[in-house]
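This report refers to the structure that appears directly beneath it.
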Amino acid sequence: MARTGTARAPSPPRPLASSTFGASQTRYSYASHRLVADGKFELEPSKWLELDQRLRYQVRLPAAGKAMRHVVRARVRAGFDTDTKIEPRLAAEIFLNLGDNDGEGDGIGVPKARFDAGIRYGRKHWDFDIGYRLEEPIRDRTDARLHVLYVGLSTEVDLRKDD
420 MARTGTARAP SPPRPLASST FGASQTRYSY ASHRLVADGK FELEPSKWLE LDQRLRYQVR
480 LPAAGKAMRH VVRARVRAGF DTDTKIEPRL AAEIFLNLGD NDGEGDGIGV PKARFDAGIR
540 YGRKHWDFDI GYRLEEPIRD RTDARLHVLY VGLSTEVDLR KDD
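Spelled out as structure tokens, the structure:
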């Protein structure tokens, strides 16, 4: 028995992550892997202010038809000690592409910046974060401005053996 019908175009890939809270943009992500090296510097200039700076070198390995990309990310973060378990936090991060042109117009330059405002509620071995992030395109103003609400939970695990 012969089967007849019309050819269908393949459907687009399913999003691995999508924006929430009623935003209309969906971001698609294809399989890729990243290698990261961090350097971090912390400073407490006063009893109520904590500053830290992180410099991250990130390499996206070639995958799914995309070229290798090198990015340096510089973040500055401030935390304010309020003498309670709640700590307000502010952060700013700049992304710097290092001359990799993978066909997406990503040569040397600053493609975007991130700005965070949030609070951290800390206990002895865990922290709870909630905040707002604005990701602002700098190089290509036609890129979407992203508004992200985030919630995080982190814990400390001590792997040292106590003798």
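Residue numbers (the working numbering): 420 to 582. Quick reminder that beta carbons are idealized off the backbone N, C-alpha and C, glycines included.
Identify the continuous beta strand (DSSP E) that holds residue i and give its terminal residues.
i: P556; result: W545 to P556
i: R579; result: R579 -> no beta strand (DSSP E), and no H or E assigned at all.
i: P530; result: That residue, P530, is in no beta strand (DSSP E); it is neither H nor E in DSSP.
Rounded to whole angstroms, what is the Cα-Cα separation between residue i and residue j?
i: P464; j: F499; result: 11 Å
i: L565; j: R558; result: 15 Å
i: N516; j: K543; result: 38 Å
i: R552; j: D577; result: 30 Å
i: Y447; j: L454; result: With a pLDDT of 43 at Y447, under the threshold of 50, the modelled position of this residue cannot be trusted; read the value that follows with caution. One C-alpha to the other measures close to 20 Å.
i: K466; j: D502; result: 10 Å
i: R479; j: R560; result: 23 Å
i: M420; j: A456; result: For M420, the predicted model reports a pLDDT of 45, less than 50, meaning its position is unreliable; a value from the coordinates is still stated below. Their backbone Cα atoms lie some 60 Å apart in a straight line.
i: T574; j: W545; result: 4 Å
i: R539; j: M487; result: 35 Å
i: F460; j: A563; result: 32 Å
i: K531; j: P556; result: 4 Å
i: K580; j: Q472; result: 31 Å
i: L462; j: L468; result: 9 Å
i: G537; j: P481; result: 34 Å
i: K504; j: I527; result: 42 Å
With a Cβ-Cβ cutoff of 8 Å, do residue i and residue j count as a contact?
i: E506; j: G550; result: no
i: L572; j: F547; result: yes
i: L474; j: V491; result: yes
i: F534; j: A497; result: no
i: E554; j: V570; result: no
Taking the DSSP output, what are the residues bridged to residue i?
i: K466; result: Beta-bridge pairing links K466 to no other residue.
i: P507; result: I538
i: A493; result: L474 and I513
i: H566; result: L553
i: R488; result: R479
i: D457; result: R475
i: T574; result: W545
Compare the C-alpha of residue i against each of the options and name the closest.
i: H452; options: H489, F460, A511 and D471; result: H489
i: Y476; options: E461, I513 and P556; result: I513
i: V529; options: G458, K504, E469 and A493; result: A493
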